[in-house]
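Read through the structure below, which is laid out as structure tokens, and then see the notes.
Number of protein chains: 2
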Amino acid sequence: MIITLADVAKRAGVSRSAVSRTYTEGASVSDKTRSKVMKAAKELGYTPNIIARSLATSRTQLIGLVINNFHNPAFLEVLDQFTRLLQNRNLRPLLVNLSDNPDPADSVEMLRQYRVDAVIVASSTLPPACAAAFKQAGLPVVNVFGRYNPSPDVHVVGIDNRHAGSMAAEILLARRYKSLGFLGGPEKATSTQDRLRGFTDTLKTANLKPTAVVYAEHYSYDAGYKAMHKLMRNKRVDGLFCGDDVIGLGALSAAREAGVCVPDEMGIMGFNNMEMSAWHAFELSTISQPIADICGSAVDLVGSLLENPERSAETRLFPCALVERSTLRGMP
Amino acid sequence: MIITLADVAKRAGVSRSAVSRTYTEGASVSDKTRSKVMKAAKELGYTPNIIARSLATSRTQLIGLVINNFHNPAFLEVLDQFTRLLQNRNLRPLLVNLSDNPDPADSVEMLRQYRVDAVIVASSTLPPACAAAFKQAGLPVVNVFGRYNPSPDVHVVGIDNRHAGSMAAEILLARRYKSLGFLGGPEKATSTQDRLRGFTDTLKTANLKPTAVVYAEHYSYDAGYKAMHKLMRNKRVDGLFCGDDVIGLGALSAAREAGVCVPDEMGIMGFNNMEMSAWHAFELSTISQPIADICGSAVDLVGSLLENPERSAETRLFPCALVERSTLRGMP
DNA sequence: TTTTGATTTGCAACCGGTTGCAATGCTTTA
DNA sequence: TAAAGCATTGCAACCGGTTGCAAATCAAAA
Chain A
407 MIITLADVAK RAGVSRSAVS RTYTEGASVS DKTRSKVMKA AKELGYTPNI IARSLATSRT
467 QLIGLVINNF HNPAFLEVLD QFTRLLQNRN LRPLLVNLSD NPDPADSVEM LRQYRVDAVI
527 VASSTLPPAC AAAFKQAGLP VVNVFGRYNP SPDVHVVGID NRHAGSMAAE ILLARRYKSL
587 GFLGGPEKAT STQDRLRGFT DTLKTANLKP TAVVYAEHYS YDAGYKAMHK LMRNKRVDGL
647 FCGDDVIGLG ALSAAREAGV CVPDEMGIMG FNNMEMSAWH AFELSTISQP IADICGSAVD
707 LVGSLLENPE RSAETRLFPC ALVERSTLRG MP
Chain B
407 MIITLADVAK RAGVSRSAVS RTYTEGASVS DKTRSKVMKA AKELGYTPNI IARSLATSRT
467 QLIGLVINNF HNPAFLEVLD QFTRLLQNRN LRPLLVNLSD NPDPADSVEM LRQYRVDAVI
527 VASSTLPPAC AAAFKQAGLP VVNVFGRYNP SPDVHVVGID NRHAGSMAAE ILLARRYKSL
587 GFLGGPEKAT STQDRLRGFT DTLKTANLKP TAVVYAEHYS YDAGYKAMHK LMRNKRVDGL
647 FCGDDVIGLG ALSAAREAGV CVPDEMGIMG FNNMEMSAWH AFELSTISQP IADICGSAVD
707 LVGSLLENPE RSAETRLFPC ALVERSTLRG MP
């Protein structure tokens, strides 16, 4: 029933090697042989077995794509980009959902069993140790949206979250907001910590401190809404930097509901420029990351790792940009 | 460098078969041998090579997951469910993005090359022919969110879109909206056609016809917003059924912006109950599909197909439910 | 102690490809 | 026409597992 290379060889009247070679880029086959083989293959409906090839070449073309964030709509774009870009290079994403169980041990084992050629860990909330676990198992890893580390042990592609925090503080100050608050994502996420750090450092240079620091429990509207209520109960803030747009939208809704006039009484800025932020009901000013560039660069890096797995760990950081909408005052 | 089963066998002082058997569910090995093998494997850091196993058993545990909708946030939940459910059964999702190129031919070829055990086609917008293409290539297929077909050639798990359309019409009529409009998703999507059909049929039983039928070009807020403007320019409608929540939110925003009072002057209902619909800014009444049940059932079906690939094509339909929020009047 | 039957084990072939190497065929140059 | 050089081909071993079959082991029954 299943057609193998031997069947094609017999039908074409050539050796198995000849068939194999016509399916191998740059192998030595004459045009005559090649066309005989192609003809026979067509007639029999032959499809080469990549599993068998992988066994022989110890290259699977499989890339582990590890994700734990199936809640933030921003990740759809990430997933879209990765699947497309990998497909274009003839690589196949083997998707791993790390939501249930943030301990990577099982996933490491599984991806090793499948002999994936490399792993992309795409998450800003997983601890750096997670990506490192894949590396220790001998798998080439790229950690996308991971933490910037001046002496990295793992390849990182993403943004400088600390700088992003600084940028937010500068933008708010430039618009003459005085009493600034930070409404972050989950406290343990390194991206949250880094953004807060940058935010605080920049305030310090102006002899200021954040008036309030609050964390949302998840990356969700409800969490942002709740955290904003908590913040407003305790402190008076006139400029707010939110750790993610989805949180920012919850916060914005809570503020408006409480009768706060945005952007005059309070400026609110988000992070990530997700689609919903542009909706008429919100028009949230935000900072955008160049998602497509980041993913593209990550896939390029994976490509180079396939050639040279031992390449020393590299960090690739991309700049963020302010997207002006209507929840911040204009510049003076 | 790489540890194989032969290395383990030598170290444990047993045959290769013995090692293989200790890693095979239900194979005949004595406890003594098994523990010798386990010990040796641990010491050497052995990980069985699933690629090699796949070649021998012609079972890869790989499931092709074909998706073309990386724009609708509702699909994140679908993806989350599938990855989790497959993982729980020790199956691995090989993700295929069909967005660029809706012609399935290449993907069919690729999934055949990897000898995936089955394929899940998850889309309400791909034509039925797409799922059928996988079937013709000899791959077991489950089409999730596909079209109901009384004599199906492919397994379908999803909802009865025609009935959903009827349901929408009944709900609007019961709330004494008189002049009903349909704002569908892309016209060529079978789900749109089926919902319109059900909607129209039910109106007919009340001697009515849709006052307006308009299609959004994509499943997006902007497309919904635009389509709603177009609709309002031409027709006067007081009850509107939208083909998807994301479209519905665009339409709702357009209506409110035009000064229409929702739900008194106009009732608007969406479809899919996505997260954003519950946000305070919208509170869109909508119809929800039981996503988790659908995905669960689809994965169960895949499980049975692995046992018996020739199982005759089956359709599994789940009921939808109205989610009352505030864009529809109450019952009289 | 011998026989019987069930369990456990190892041998060797196989899954479907790839690839180094030596042999063959062909063209080019002297 | 013979020798040299290159491209093409086939052989056979290998990738890392699984599995049918027969032999070996073991415990229980006679």
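Residue numbers (the numbering used here), protein chains in the order written: chain A, 407 to 738; chain B, 407 to 738.
Idealized CB from N, CA, C, for every residue including glycine.
Computed from a predicted model, the values in this text were never measured in an experiment.
Taking the beta carbon of B:Pro454 as reference, the chain A residues within 9 Å of it are Gln519, listed in sequence order. Among the residues of chain A, none has a CB under 9 Å from the CB of B:Glu576; the nearest is roughly 29 Å distant. In terms of CA proximity to B:Val484, B:Cys701 leads the group B:Glu730, B:Cys701, B:Thr733.
In summary, A:Asp523 is buried, with 16 or more beta-carbon neighbours lying within 10 Å of its beta-carbon over all protein chains present. Unbroken alpha helix (DSSP H) runs of no fewer than 4 residues, entirely contained in the stretch 473-517 of chain A, are found at 480-494, following chain order. Here A:Ala574 is not bridged, per DSSP, to any residue. In this structure, DSSP gives A:Arg553 a state outside helix and strand, which the three-state scheme calls coil.
Comparing alpha carbon positions, the residue from B:Gln519, B:Asp670, B:Arg582 closest to A:Gln467 is B:Gln519.
Under the three-state reduction of DSSP output, A:His561 falls in the strand class.
Straight across, the Cα-Cα distance linking B:Phe605 with B:Ala661 is about 21 Å. Secondary structure of B:Ala524 (DSSP, three-state): strand.
A residue is called buried when at least 16 other Cβ atoms come within 10 angstroms of its Cβ; A:Thr611 does not meet this threshold and is exposed. Per DSSP, the beta bridge partners of B:Arg722 are B:Val563. The beta carbon of A:Ser732 does not come within 8 Å of any beta carbon belonging to chain B, so the residue lies off that interface. In terms of beta-carbon proximity, B:Ser694 stays away from the interface with chain A, with every pair separated by 8 Å or more.
Approximately 13 Å separates the beta-carbon atoms of B:Ala538 and B:Asp509; this is outside 8 Å, ruling out the contact. Excluding its 5 nearest sequence neighbours in each direction, A:Gln599 has no C-beta neighbour in its own chain below 6 Å. For A:Ala618, the enclosing beta strand (DSSP E) has its first and last residue at 618-621. For B:Ser572, the CB contacts under 6 Å within the same chain, skipping 5 residues up- and downstream, are Gly604, Thr608 in chain order. Inclusion of A:Val550 and A:Ala570 in the CB contact set at 8 Å is not warranted, their separation being larger than that value. B:Ala433 carries a coil assignment under DSSP once its states are collapsed to helix, strand and coil.
The stretch 693-710 of chain B makes contact with the stretch 665-681 of chain B: 3 or more CB pairs, one atom from each, lie closer than 8 Å. Contiguous beta strand (DSSP E) elements confined to the stretch 632-680 of chain B occur at 645-648, 673-677, taking only those with 3 or more residues. Around the beta carbon of B:Gln542, a 10 Å sphere encloses fewer than 16 other beta carbons of the protein chains shown; the residue is thus reported as exposed.
For the stretch 432-463 of chain B, the beta-carbon criterion of a distance under 8 Å to any beta-carbon of chain A is satisfied by Thr453, Pro454, Asn455, Ile456, Ile457, Ala458, Ser460, Leu461. Between the alpha carbons of A:Val708 and B:Ile674 lies a gap of roughly 47 Å. Proximity of A:His686 to chain B, defined by a Cβ-Cβ separation below 8 Å, is satisfied. The shortest C-alpha to C-alpha distance from A:Arg521 to any of A:Gly654, A:Pro533, A:Leu500 is the one to A:Leu500.
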